[in-house]
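Participant:
4 protein chains.
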Amino acid sequence: MVKVVVAGVGTIGKRVAEAVKKQHDMELYGVADVSQTGGLRTVLSEKGPLHGTHLFASNDEGKENLEDQGFYVEALLEDRLEEIDVVVDCTPPGIDEKNKENMYEPNDVKAVFQGGAPDDIAEVKFNADANYEEGKDEDFIKVVSCNTTSLSRTVSAADEEFGVEEAVASLVRRGGDIPQDSRGPINSTIPVTEVPSHHGPDVQAVMPELDIKTMAVKVPVTYGHVHMVNVELEQGASIEEVKQAFRDQPRVELVSAGEGYDSTGKIHEKMRDLERPRSDMPEVAVWEETVKVEDGTLYWIHMVHQESIVVPDNIDAIRAMFDMEDKKTSIRKTNEAMNIE
Amino acid sequence: MVKVVVAGVGTIGKRVAEAVKKQHDMELYGVADVSQTGGLRTVLSEKGPLHGTHLFASNDEGKENLEDQGFYVEALLEDRLEEIDVVVDCTPPGIDEKNKENMYEPNDVKAVFQGGAPDDIAEVKFNADANYEEGKDEDFIKVVSCNTTSLSRTVSAADEEFGVEEAVASLVRRGGDIPQDSRGPINSTIPVTEVPSHHGPDVQAVMPELDIKTMAVKVPVTYGHVHMVNVELEQGASIEEVKQAFRDQPRVELVSAGEGYDSTGKIHEKMRDLERPRSDMPEVAVWEETVKVEDGTLYWIHMVHQESIVVPDNIDAIRAMFDMEDKKTSIRKTNEAMNIE
Amino acid sequence: MVKVVVAGVGTIGKRVAEAVKKQHDMELYGVADVSQTGGLRTVLSEKGPLHGTHLFASNDEGKENLEDQGFYVEALLEDRLEEIDVVVDCTPPGIDEKNKENMYEPNDVKAVFQGGAPDDIAEVKFNADANYEEGKDEDFIKVVSCNTTSLSRTVSAADEEFGVEEAVASLVRRGGDIPQDSRGPINSTIPVTEVPSHHGPDVQAVMPELDIKTMAVKVPVTYGHVHMVNVELEQGASIEEVKQAFRDQPRVELVSAGEGYDSTGKIHEKMRDLERPRSDMPEVAVWEETVKVEDGTLYWIHMVHQESIVVPDNIDAIRAMFDMEDKKTSIRKTNEAMNIE
Amino acid sequence: MVKVVVAGVGTIGKRVAEAVKKQHDMELYGVADVSQTGGLRTVLSEKGPLHGTHLFASNDEGKENLEDQGFYVEALLEDRLEEIDVVVDCTPPGIDEKNKENMYEPNDVKAVFQGGAPDDIAEVKFNADANYEEGKDEDFIKVVSCNTTSLSRTVSAADEEFGVEEAVASLVRRGGDIPQDSRGPINSTIPVTEVPSHHGPDVQAVMPELDIKTMAVKVPVTYGHVHMVNVELEQGASIEEVKQAFRDQPRVELVSAGEGYDSTGKIHEKMRDLERPRSDMPEVAVWEETVKVEDGTLYWIHMVHQESIVVPDNIDAIRAMFDMEDKKTSIRKTNEAMNIE
């Protein structure tokens, strides 16, 4: 079985580690960090979801820190690299690059990087739905960011069925995650003054043929971005056909405002009512009432749960790198193990 | 001088009354209401901006209410209608229609209605920049809503210079005004599930040739909507030319994120630092860094102060109805009196 | 086994139903409602925590509603009352009273009511930690509200060890729950103008000897109230002794700001990291750094998760009513089944 | 006339400068800064309230900065110190101390410092209502912070009339000011884990005899702190007598929730409706319905506008230092010039 280490137990890292643990064809060899991050103490605690998982220190100083903070450190990560097949690197920007250079490349360990890493850290920018095959046998893959992932999933679904000529997406981003209480704004809307914003080119790294432009603002919410999207279709489509294309996408969920899910808060509550771990929603949620086709233009509004959406794609990236499964099978396996959709 | 009464002293009404008072070619004959609304007591108080203004009751019951609440009521509005030339009706939806039928029409009093009124209340939907001339000699005019006004001003500025073929606007609306503390959302983003939203047709009521589509969400802020706009231009334009077109629009202001005005909160502070009454901003604020032209598409992001943007258009509507001035002169007079731009 | 029905599947009801299902000495006979509430569809769905639970209609009209909305309704609740031992009534205020009169009393069914019910609906106002014994063999019990429960738990812990002469608590309440996005305030703090507020007498219903006064405000957050408390102790206590008294209270948890849990958002994240269902926290969380004793006065600040804190007390209320266990055993059983502490 | 310079044109500085300008017995000689702060460009602009005021640079580097940013700099501040009588120093913590040592002391210029300055920067901690006389002829005065000022004003009013033995205040603080959109929290309540908090000793610096304890939390609002206060009175008092004592305090205002001012947002709107500059409220607003006396304990809830409350005390501090007026006259003059109450 592929042995996986997750480096950096933050927002993404803790979720990826738990997702790896739930798969049947890979093994969570351990997690690595340099200090007590928000969740580390809790997820490793007796009632935590990673209880019993080996904790490695990413470097000597980190080992000292962690031990000072009362953690048992199994070993330095680099002393175990030859037993490891792949590291999912969820460390902060800047660290990921150094890790690649100092640890992964010299030791022939594969690595999956996250959306915040520099673009040239890996040749392939990865989204399971849009370009799974390109990840095959790669040594380094970068899984694209949450906003990019949601656009890749939805636009590729429309593109495959009806052909997309041009897309414009307006992003309404959350200010910070639930525990990030030092981040604002309070009572303010902040435009991203770079227009078009970087999210368009990010999607194009995954779907190079696509002409997509994006604009963005930041608002005072903690759970979920919302995107207002309009795309020019190459061929006609009925509203029902578009909904079906979204339904057929295994990580897009149609939610109905009419059934009571008419806001990000209500969708959050739905995830709570399903008792999803952390109330996460790795699927993109498209409000079905907002899917509209007029004069060849397709419109919709969707919600992105910024903390969890990329987690299944990290799992699929591992399967692609080791050529373990074809796209469809990998996505199905990941979804089943994670109880998605 | 044209004698003006403002009926309904709420968010819009109190501002219009004060704006009328500041003009040199019309007279604020009084305000009318049926009960103590949020601001009535304060604006009429000794230090309030409408101190000394006559207060009329809109009906018998209203007279009793107001007197019970300690107000001095000059008279019933209907008993003075023959001395009045025009009523700016800022009453809640439903009341405006009845007022037209029962008071304004039978007494040959002209009236200006607001964005919340039904569309058929007046033949002309009015925005001073886009269609001032159409208001001439009309008996009834409806000034369009805050979102519509901002789009009319900016898109018409681009249209006049470069021709606009198609426009798409994504609206990020405030949840409630500063004193409306029973309104949400808290920590949630709420999509308008009607896609395209009604704001597009509303703009088309003012600019019938324009092909414009809109989508909208509501977020937890109290001061200002933000619009992300992209339009297809008929003819080429440089960024500088577009900025100049906006600068030439007398109720559009370019603000610079680089100079520190990089959010709605910072622009609010700018209005406070200018000691504008109520920290209002009747201009549309376009972030100048967001003005971009690429492949014939023009992009920008602007902010709308929902409480005050329509106030100058109400004043201009009066001038148009009585054929007092041409468009340019009316706008200049209103702006000067209100200290705009 | 005691057969339990939960009537009203809202915020409290859905949680109590799931908690009943987890106990080994009582049976969730079913849930009852009159219409699709926020969570009903989801909790009963294939992946929901109440999948397979019988759904009853509380009345004929409710049966029709639910069937129209696509639910399978097992029966009218009243047709099964003779098979049921107790109803946990979580219906909206007003309905609870009618249910008691029309259903529970005539059919000799016991009932547990919630904090929103009128005070005279049951003789005993119940908090498991403070007055479990008083619930014994009662037919009707009212579990006190979330704020009252948290004060009862913490103050009774201090009272038992050191004697409490007087207490003052200042409550900072959340504006609405996560899905209640029509509720405000946005960017405003709203005082409860009734001073002292009703929360003091509510605690006294549980601890009649206690002299406690409360004041309260409402703020724009969705997850958790915060209380600032100070009490006069009858006998001396060290900080460490007070902390130990809190630790010994089986539903109070000391959390450490120093370990990173320095806000309600961070504690929310802790519950997410523990993968608690719905990220709930039925314990009161006392920030341990805030426990202070000076000149005979004890100070602390605690957090209350308004949606889940009363759930274990509902379970204990059932055990008390049927004299199934003594206080200590009941609390232990409930906590173990719910994975509390 | 006393010549005043305000150093540091931030939140407090710009307001103090404008207040000095409005007085008849002192002269605003100029303002000093080192760089474009939020408001500097706007307040000095053609329509700004400080248009025409001399701008000095606080040091050589500052002069260069300001000139690079397009400002006209009159001179270095230190080159004009001999013409200046007093500097109101509103610079960030750390700078104030250096300014005292390097500029004010060597040049025999008096100075007024703000709440953020170290306690030993001046012997006298000043609040006009509580200890005006102590400021007489001092060279250096520190005006206490916004929270402390509000408590000093209200508690001293109660103390003078009825004697206050002990006070406990629970503070609900705003997260950041209107333009401070990088500050949180969003959707979180953050306790100050230092219990009792530093605000108590701060009040005691002004009222040394008072036994006062405070606790505090931070919440997601931008306009106004709210304090819940309870004090033990030495002698009996009726509610009406307490209200009268507050009414007699020239910088405390009783506001009525019943008249519609039942939240900080509604009081903000009242200031907007009065067209106060920046919608500021230098008075403490006590909700009159919350004033209650029970068993010798007096309760109330008040609101503090954090940006403007200390401004009049800065003016009075100047008058005290130069022995220009007695307390009552100074307060009256300041209030009249600032249109307070």
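Protein chains in written order, with my numbering: chain A, 1 to 341; chain B, 1001 to 1341; chain C, 2001 to 2341; chain D, 3001 to 3341.
Glycine is no exception: its CB is placed at the ideal position from the N, C-alpha and C atoms.
Computed from a prediction, not measured in an experiment: that's the story for all the values here.
(1) In terms of DSSP beta bridges, what is D/T3297 paired with?
(2) Any C-beta of chain B within less than 9 Å: which residues of the region 2162-2188 of chain C qualify?
(3) Using the rule of at least 16 other Cβ atoms within 10 Å of the residue's Cβ for burial, across every protein chain shown, is A/V33 buried or exposed?
(4) Could you please give the first and the last residue of the uninterrupted alpha helix (DSSP H) stretch that includes D/L3077?
(5) Does C/T2042 have its Cβ less than 8 Å from a Cβ in chain A?
(6) By DSSP's criteria, C/A2245 is part of a beta bridge. Which residues make up the other side?
(7) Can you tell which of C/T2011, C/D2108, C/G2116 and C/E2160 has the C-alpha that lies nearest to the C-alpha of C/N2131?
(8) Identify each residue in the region 2076-2097 of chain C for which the Cβ-Cβ distance to at least one residue of chain B is less than 7 Å, and report them in chain order.
(9) Starting from the N-terminal side, write out each stretch of the beta strand (DSSP E) that is 3 residues or longer and does not extend beyond the region 34-74 of chain A.
(10) Mapping the DSSP letters down to three states, classify B/Y1132 as helix, strand or coil.
(11) Considering only C-alpha positions, which residue in the set B/M1338, B/L1044 and B/I1121 is nearest to B/G1010?
(12) Could you give the distance in angstroms between the alpha-carbon of C/T2359 and the alpha-carbon of A/N339?
(13) What residues match up with C/R2174 in a beta bridge as DSSP calls it?
(14) Helix, strand or coil for B/H1268 per DSSP?
(15) Whose Cβ in chain B lies nearer than 7 Å to the Cβ of C/T2334?
(16) Figure out for me which residue from D/G3265, D/D3129 and D/A3117 has the closest Cα to the Cα of D/I3095.
(17) Is C/D2120 near the ligand PLP, in the sense that its beta carbon is under 7 Å from a heavy atom of that ligand?
(18) Since D/H3342 meets chain B, which of its residues come closer than 7 Å, beta carbon to beta carbon?
(19) Can you list, in chain order, the residues of the region 2208-2222 of chain C whose Cβ is nearer than 8 Å to any Cβ on chain B?
(20) Please state whether the Cβ-Cβ distance between D/D3273 and B/K1014 is less than 8 Å.
(21) Given that a residue counts as buried once 16 or more other Cβ atoms are within 10 Å of its Cβ, and exposed if not, what is D/G3260?
(22) A/R315 touches chain D at which residues, Cβ-Cβ below 8 Å?
(23) Rounded to the nearest angstrom, what separates D/I3315 and B/S1182 at their Cα positions?
(24) Ignore the nearest five residues each way along the sequence and tell me which others in A/R332's own chain have a CB closer than 8 Å to its CB.
(25) Thinking C-beta only, is C/V2155 closer than 8 Å to C/V2192?
(26) What is the DSSP secondary structure of B/R1251, reduced to helix, strand or coil?
(27) If you follow the alpha helix (DSSP H) that C/I2315 is in, where does it begin and where does it stop?
(28) In chain order, what are the residue ranges of uninterrupted alpha helix (DSSP H) at least 4 long that sit wholly in the region 1091-1172 of chain B?
(29) Let me make sure I understand the geometry here. Which of B/I1267, B/L1050, B/E1166 and B/K1142 has the alpha-carbon closest to that of B/M1281?
(30) Shorter than 8 Å from the beta carbon of B/E1241 to some beta carbon of chain D?
(31) Establish whether the CB of D/I3190 and some CB of chain E are separated by less than 8 Å.
(32) List the residues of chain B whose Cβ lies closer than 7 Å to the Cβ of A/Y299, in chain order.
(33) In the DSSP assignment, find the unbroken beta strand (DSSP E) run with C/N2089 in it and report its ends.
(34) Rounded to the nearest angstrom, what separates A/E194 and D/S3188 at their Cα positions?
(35) What residues in its chain sit with their C-beta under 7 Å from that of B/S1152, if we drop five residues either side in the sequence?
(36) Using the Cα positions of A/F322 and A/D137, report the straight-line distance between them to the nearest angstrom.
Facilitator: The short version:
(1) DSSP lists D/E3232 and D/E3294 as partners of D/T3297.
(2) Residues passing the 9 Å Cβ filter: R2174, G2175, G2176, I2178, P2179, Q2180, D2181, S2182, R2183, G2184, P2185, I2186, N2187 and S2188.
(3) Contrary to the premise, residue 33 of chain A reads as Asp rather than Val in this sequence. Buried, since its Cβ has 16 or more Cβ neighbours within 10 Å.
(4) Boundaries for D/L3077: no alpha helix (DSSP H) harbours it, and the DSSP string shows neither H nor E there.
(5) So yes, C/T2042 belongs to the interface.
(6) For C/A2245, DSSP records no beta bridge to any residue.
(7) In terms of Cα proximity to C/N2131, the closest of C/T2011, C/D2108, C/G2116 and C/E2160 is C/E2160.
(8) Closer than 7 Å at the C-beta level to chain B, one finds no residue of the region 2076-2097 of chain C.
(9) The qualifying runs are 55-57.
(10) DSSP, read as helix, strand or coil, puts B/Y1132 in helix.
(11) Per the C-alpha coordinates, the member of B/M1338, B/L1044 and B/I1121 positioned closest to B/G1010 is B/L1044.
(12) A question about residue 2359 of chain C goes unanswered here, because the residues of chain C that appear run from 2001 up to 2341.
(13) Beta bridge pairing from DSSP links C/R2174 with C/V2219.
(14) In the structure shown, B/H1268 adopts helical secondary structure according to DSSP, grouped into three states.
(15) Neighbours of C/T2334 in chain B, taken as residues at a C-beta separation under 7 Å, are lacking, since the least C-beta distance is about 31 Å.
(16) For D/I3095, the closest of D/G3265, D/D3129 and D/A3117 by C-alpha to C-alpha distance is D/A3117.
(17) With respect to the ligand PLP, the structure shown offers nothing to examine, as it has no ligands at all.
(18) There is no way to answer for residue 3342 of chain D, as the model of chain D reaches only from 3001 to 3341.
(19) Contact residues of the region 2208-2222 of chain C toward chain B are P2220, V2221 and T2222 (C-beta to C-beta distance below 8 Å).
(20) Yes, Cβ-Cβ distance for D/D3273 and B/K1014 is below 8 Å.
(21) Buried: at least 16 other Cβ atoms inside 10 Å.
(22) In the sequence under discussion, the amino acid at residue 315 of chain A is Ile, which differs from the Arg named in the question. Here the premise fails: no neighbours, minimum Cβ distance about 30 Å.
(23) Those two C-alpha atoms are separated by around 38 Å.
(24) Contacts found: P250.
(25) Pairing C/V2192 with C/V2155 gives a Cβ-Cβ distance that is not under 8 Å.
(26) Here B/R1251 sits in coil by DSSP.
(27) Unbroken alpha helix (DSSP H) run through C/I2315: V2311 to M2321.
(28) The DSSP assignment places complete alpha helix (DSSP H) segments of no fewer than 4 residues inside the region 1091-1172 of chain B at 1095-1099, 1128-1131 and 1146-1162, in order along the chain.
(29) Looking at the Cα atoms, B/I1267 is the closest of the given residues.
(30) No, no contact with chain D.
(31) Judged by its chain identifiers, the structure shown contains no chain E, and its protein chains are A, B, C and D.
(32) Per Cβ cutoff of 7 Å: V1195, P1196 and M1215.
(33) According to the sequence shown, residue 2089 of chain C is Asp rather than Asn. First-last of the beta strand (DSSP E) with C/D2089: V2086 to D2089.
(34) Near 30 Å, if we compare the C-alpha coordinates of D/S3188 and A/E194.
(35) Here the set comprises N1127, D1129, A1130, V1144, V1203, V1206 and M1207.
(36) Between A/F322 and A/D137, the C-alpha separation is close to 6 Å.
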